[in-house]
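Encoded as structure tokens, the structure appears first; notes follow it.
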Amino acid sequence: MPEGKIIQSLSGYYDIEHDGEIYRCRGRGNFRQKKVTPLVGDIVDFKEGYVLEIKPRKNEMLRPPLANLDQGILVFSAVEPDFQPLLLDRFLVRLEADDILPIICFSKTDLADDAIRKEMERFAADYRKIGYEVLFTSAADQRNFETLTRLLDGKTSVFAGQSGVGKSSLLNALDPRFELKTGAISEALGRGKHTTRRIRLLPIGSGYVADTPGFSSLDFRDLEAKDLSYCFPEMRALAAECKFRGCTHLAEPKCAVKEAVANKEIPAYRHEHYKQFYEEIQGQKRRY
36 MPEGKIIQSL SGYYDIEHDG EIYRCRGRGN FRQKKVTPLV GDIVDFKEGY
86 VLEIKPRKNE MLRPPLANLD QGILVFSAVE PDFQPLLLDR FLVRLEADDI
136 LPIICFSKTD LADDAIRKEM ERFAADYRKI GYEVLFTSAA DQRNFETLTR
186 LLDGKTSVFA GQSGVGKSSL LNALDPRFEL KTGAISEALG RGKHTTRRIR
236 LLPIGSGYVA DTPGFSSLDF RDLEAKDLSY CFPEMRALAA ECKFRGCTHL
286 AEPKCAVKEA VANKEIPAYR HEHYKQFYEE IQGQKRRY
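Okay, so the sequence shown: first residue is 36 according to this note's numbering, each after it adds one.
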């Protein structure tokens, strides 16, 4: 029985790549009875036009619905729309919780003034200190495009970020064959108009990238407050040094994380975002 990878889902049909060929299949009827839905990125057994079995997933996302992702390329622009570190940290937590490696990509820095560019360099230094890969992409510097192409090779990746930050433009620059539509910023709304309508995996090198309309939701309903600090690598590394086991890094004395914030070893905005997310999760648990 052949095994392949779902590279596109459309109207109940699944396009499966196997040995360089594409096979269009439907799901078995008992998938619906079991409340199981094949996802783009799934490794499946198929035969005679039907998906017969879904192999165990290493991870999955519901919005967008994707499975078996290796990494997420988080594209954030310096301007149009302006960079929002709170939103970036929300994306980072979401990927960390789903065991997907984040890569940060700052775009449109060539359109920013000197003050904004310096600020973006400071943010880049902060995130690199944490351990994240941070790239700057602009038409003036092709070296980071080459680095990004190397990072995508052999991996299944998703590009994510605010609408209008240039995800489709970046993919087109990496491989013009994609010919993805790009949209102008909506000045009235202050955000981009979605231009991507379906989810599919696009081949690049020996890897794939997901062409998606972005994340429609970034809530933390599946995340417990006690686990949130593990989604902040710099806090996770210090947890064992806190006086109290299970320290929330909020009100407890002799907290190694709070000491690191006070000593500017952890940026204060990262801890502030952590507190906001913690309160959000607590509020969600009370409502549900």
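For each residue, glycine too, the CB sits at the ideal point set by N, CA and C.
- Listed in chain order, the alpha helix (DSSP H) elements of length 4 or more contained wholly in the segment 120 to 164 are 120 to 132.
- If you draw a straight line from the Cα of Tyr265 to the Cα of Arg271, it is about 5 Å long.
- For Gln68, the enclosing alpha helix (DSSP H) begins and ends at 64 to 68.
- With a threshold of 16 other beta carbon atoms within 10 Å, His53 falls short and is exposed.
- Listed as beta-bridge partners of Arg59 by DSSP are Asp50.
- At the C-beta level, Gly64 and Pro73 stay beyond 8 Å of one another.
- The Cβ-Cβ distance between Ile42 and Val79 does not fall below 8 Å.
- The beta carbon of Ala150 is closer than 6 Å to none in its chain, skipping five residues each way along the sequence.
- Contact annotation: Phe194 and Leu263 have beta-carbon atoms that are not nearer than 8 Å.
- For Phe180, there is no enclosing beta strand (DSSP E); the enclosing alpha helix (DSSP H) covers residues 178 to 187.
- DSSP places Leu236 within a strand segment (E or B) once states are collapsed to three.
- Per the coordinates, the alpha-carbon of Ala159 lies some 23 Å from the alpha-carbon of Asp133.
- DSSP places Gly318 within a helical segment (H, G or I) once states are collapsed to three.
- For Lys202, the enclosing alpha helix (DSSP H) has its first and last residue at 202 to 209.
- When C-beta atoms of the segment 139 to 156 are compared with those of the segment 103 to 120, three or more pairs fall below 8 Å, so the two segments count as touching.
- Inclusion of Thr191 and Leu236 in the CB contact set at 8 Å is warranted, their separation being smaller than that value.
- Of Gln317, Lys69, Glu38, Gly318, the smallest CA-CA separation from Lys90 is found for Glu38.
- Put simply, the backbone Cα of Asn179 is about 24 Å away from that of Arg125.
- When the Cα atoms are used, Asp105 and Met96 turn out to be separated by approximately 12 Å.
- Each of Pro238, Ile165, Phe255 was checked against the Cα of Ile57, and the nearest Cα belongs to Pro238.
- Here the C-alpha atom of Gly281 lies approximately 44 Å from the C-alpha atom of Ser204.
- By the neighbour-count definition (other C-beta atoms within 10 Å, threshold 16), Arg256 is an exposed residue.
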